[in-house]
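Number of protein chains: 2
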Amino acid sequence: MISKLISEIKKKNAPIVVGLDPQMSFIPSFLLKKSISERGESLEAAADAIYEYNKGLIDAIYDLAPAVKPQIAMYEQFGVPGVEAYKKTVDLAHEKGLVVIGDIKRGDIGSTSEAYAIGHIGEITVGTRSFAPFNEDIVTVNPYLGSDGVKPFIDVCNKYDKGIFVLVKTSNPSSGEFQDQTIGDKTLYETVAEKVVEWGGMSMDGNYSNVGAVVGATYPEMGIMLRKLMPKAYILVPGYGAQGGKGSDLKGFFNEDGLGAIVNSSRGIIAAYKNEKYASFGEEGYAEAARQATVDMIKDITESVQ
Amino acid sequence: MISKLISEIKKKNAPIVVGLDPQMSFIPSFLLKKSISERGESLEAAADAIYEYNKGLIDAIYDLAPAVKPQIAMYEQFGVPGVEAYKKTVDLAHEKGLVVIGDIKRGDIGSTSEAYAIGHIGEITVGTRSFAPFNEDIVTVNPYLGSDGVKPFIDVCNKYDKGIFVLVKTSNPSSGEFQDQTIGDKTLYETVAEKVVEWGGMSMDGNYSNVGAVVGATYPEMGIMLRKLMPKAYILVPGYGAQGGKGSDLKGFFNEDGLGAIVNSSRGIIAAYKNEKYASFGEEGYAEAARQATVDMIKDITESVQ
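For the protein sequence lines, the chains are E and W, in the order given. Using this note's numbering, read the first sequence as starting at 646 and increasing by one per residue. Using this note's numbering, read the second sequence as starting at 646 and increasing by one per residue.
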């Protein structure tokens, strides 16, 4: 799968991913009004509005960006209808040729991790038929439970040509509370990174592995070090834009081949119309604003990285 | 919420929780046949079979056990229909007076953790109406992202009188890879446990906190130490039975007041009919087998703890 993602990144000359994190406050009010008028004040109305919002965004950016990253929490908060909107978003993104990175941060013990892996990137059999229940291409995985929580995902990656990004150093302010603690002569995130290298060897796909890592743009120095420590792991970089990461911070996340990292922006793109810079698009022009913000982000990143 | 759980544990004299982890191989074939005959070979048929299976189990154990713990991965693996079966299971358990511990192991950065917290133990507003999308009473939380991933859950606990169990030392064989690493003069799981104490102080409910901890029955010596380190945290103890934890291992997880721990068994109860000891119940008698296994588990635990 990572070779497919790389091919799409090269084709569009855009090492970026658009985060589809439809917080209620981002959704233009005309979309919510419309869905409430059709479905009443209900979780279903919210889910419909989310899907319509995403549809506008995907239509506006699919020819520019190689991938989208829906954050499942923002759908799950609307219960079963929200999860259904998540699944419909995955399917729509696929129809438009986008790689879908499901930001699910799952992780559990063996058979339970296997169930998550099957549900999200694998297939399950009912009677004689097989189904791909959520059908993302790549998902994010939490490593706290160790190898037997991660390996079931790798087995499923190998069986269905899929990928994972393992949380190594997250972008949030308190990520250091545990991740930066020193174990012997290295930190916990380095210890996890070494495991990512080991796990990565189990699922190579060309020069890179289907087992990548999440490292926040907000920690550029750690990015440089982790880039060297995990030379064959693709790095998913959240935290660009709204969380404070800048294009100029990102060079160190890339390898000398110009590959090795994919930078996410969520609110900076999908809520661009709320940003002064793009305010002229107005609420009705939220999708065009997102398109312009995507163009600008690609320019910022590619110029910074070269 | 923890005071409600304690009151139910005392009322039933049973510091146990029944894990509703409906792996496909546990579901009696007559249930799946029936749902396939009604819905065809589909994710919906699997979801119906799961719900019917759970219904039999809940009816058989609700007067014995204070709580159930559905493992959401086992539902999520069947996609949207599976998640719907999860939600219906939560509702049915509530109708029968059970406390519901959603084993969701979520954890993310601030606003995203908040979305998970709202969706699972809080309420969300659409227009002028509020909804409790999943409505569990307590959920499990992964701490790898640090305080700003956990605090949104605590805020929601305080607002809606709910609880969380934070993963400290999990029951699986490779849990030590990261959790047992030594940071200065203590391990990572002790470092997390100290945070659980700090977080716990933010949501006290009587003598115990709404912020509890997960510590596996498979590590009884660590249980003794963690019990002392987190005196006011309730401990959710997985790993009893099928994973190898014995009643005699469990005394150290409890405080001298006889409280402080709740022991989970999943397959040992819900798939008891597959165990030689309960084979005479047969597949059709899976619920009665589960009832007998629950009676036996309560006896084993209460005798071992006294």
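Using N, Cα and C, we set each Cβ at its ideal position, and we do this for glycine too.
- Only residues of its own chain outside the window of five on either side were considered, and among them Pro778 and Phe779 have a CB closer than 7 Å to the CB of Gly764 of chain W, listed in chain order.
- Around Gly930 of chain W, the same chain offers Tyr918 as residues with beta carbons nearer than 8 Å, after the five sequence neighbours per side are excluded.
- Residue burial annotation: Asp830 of chain E is exposed, with fewer than 16 other C-beta atoms found within 10 angstroms of its C-beta.
- Inter-segment contact for the stretch 718-729 of chain E and the stretch 751-766 of chain E is absent: fewer than three beta-carbon pairs are separated by less than 8 Å.
- Around the Cβ of Ala924 of chain W, a 10 Å sphere holds fewer than 16 other Cβ atoms; the residue is exposed.
- With 16 or more other Cβ atoms inside 10 Å of its own Cβ, Gly791 of chain E counts as buried.
- Around Gly913 of chain W, no beta-carbon contact reaches into chain E at under 9 Å, the shortest distance being about 14 Å.
- Listed along chain W is no residue with a C-beta nearer than 7 Å to that of Tyr864 of chain E; the closest approach is about 13 Å.
- At a cut-off of 9 Å between beta-carbon atoms, Glu729 of chain E makes contact with chain W.
- For Asn803 of chain W, there is no enclosing beta strand (DSSP E); the enclosing alpha helix (DSSP H) has its first and last residue at Ser792 to Tyr805.
- Of all alpha-carbon atoms in E:Gly664, E:Ser648, E:Gly846 and E:Pro660, the one lying nearest the alpha-carbon of Ala916 of chain E is that of E:Gly664.
- In the three-state reduction of the DSSP assignment, Asn787 of chain E falls in the coil class.
- If you check each beta-carbon in the stretch 812-837 of chain W against every beta-carbon of chain E, the ones closer than 8 Å belong to Leu812, Thr815, Ser816, Asn817, Pro818, Ser819, Ser820, Gly821, Glu822, Phe823, Gln824, Gln826, Thr827, Ile828, Gly829, Leu833, Thr836 and Val837.
- Of the residues E:Ala718, E:Phe899 and E:Asp693, the one whose Cα lies closest to the Cα of Pro726 of chain E is E:Asp693.
- For Tyr853 of chain E, the closest alpha carbon among the candidates E:Val786, E:Ser819, E:Gly903 and E:Ile869 is that of E:Gly903.
- When rounded, the separation of the alpha-carbon atoms in Phe898 of chain E and Val745 of chain E is 21 Å.
- Between Val842 of chain W and chain E, the shortest Cβ-Cβ separation is not below 9 Å.
- Each of E:Val728, E:Tyr834 and E:Pro818 was checked against the Cα of Pro788 of chain E, and the nearest Cα belongs to E:Tyr834.
- When C-beta atoms of the stretch 646-658 of chain W are compared with those of the stretch 697-717 of chain W, three or more pairs fall below 8 Å, so the two segments count as touching.
- In the structure shown, Asp782 of chain W adopts coil according to DSSP, grouped into three states.
- Segment contact: the stretch 682-692 of chain E against the stretch 726-741 of chain E, three or more CB-CB distances shorter than 8 Å; contact assigned.
- Neighbours of Glu686 of chain W across chain E, judged by C-beta separation under 8 Å: Val771, Gly772, Thr773 and Arg774.
- For the options W:Trp844, W:Thr815 and W:Ile828, the alpha carbon positioned closest to that of Gly794 of chain W is the one of W:Trp844.
- For Tyr853 of chain W, the uninterrupted beta strand (DSSP E) segment begins and ends at Tyr853 to Val860.
- Comparing C-alpha distances from Ile880 of chain W to each of W:Thr785, W:Ser911, W:Gly889 and W:Pro797 shows the shortest one belongs to W:Thr785.
- In the DSSP assignment, Tyr918 of chain W falls outside any beta strand (DSSP E), carrying neither H nor E.
- Under DSSP, the beta-bridge partners assigned to Leu812 of chain W are W:Val859.
- Between the C-alpha atoms of Pro797 of chain W and Gln668 of chain W there is a straight-line separation of about 31 Å.
- Closest in alpha carbon position to Val813 of chain E, among E:Ala878, E:Lys804 and E:Val837, is E:Val837.
- Excluding its 5 nearest sequence neighbours in each direction, Phe671 of chain W has C-beta neighbours in its own chain below 8 Å: Tyr698, Arg912, Ile915, Ala916 and Lys919, listed in chain order.
- Contact residues of the stretch 783-802 of chain E toward chain W are Asn787, Pro788, Tyr789, Leu790, Gly791, Ser792, Asp793 and Gly794 (C-beta to C-beta distance below 8 Å).
- Ala878 of chain W carries a strand assignment under DSSP once its states are collapsed to helix, strand and coil.
- Under DSSP, Asp748 of chain W shares a beta bridge with W:Gln716.
- Per DSSP, Ile647 of chain W is one residue of the alpha helix (DSSP H) stretching across Ile647 to Lys657.
- Using a Cβ distance threshold of 9 Å, Gly742 of chain E and Tyr696 of chain E do not count as a contacting pair.
- Within chain E, the residues placing a beta-carbon under 7 Å from that of Phe779 of chain W are Gly724, ordered along the chain.
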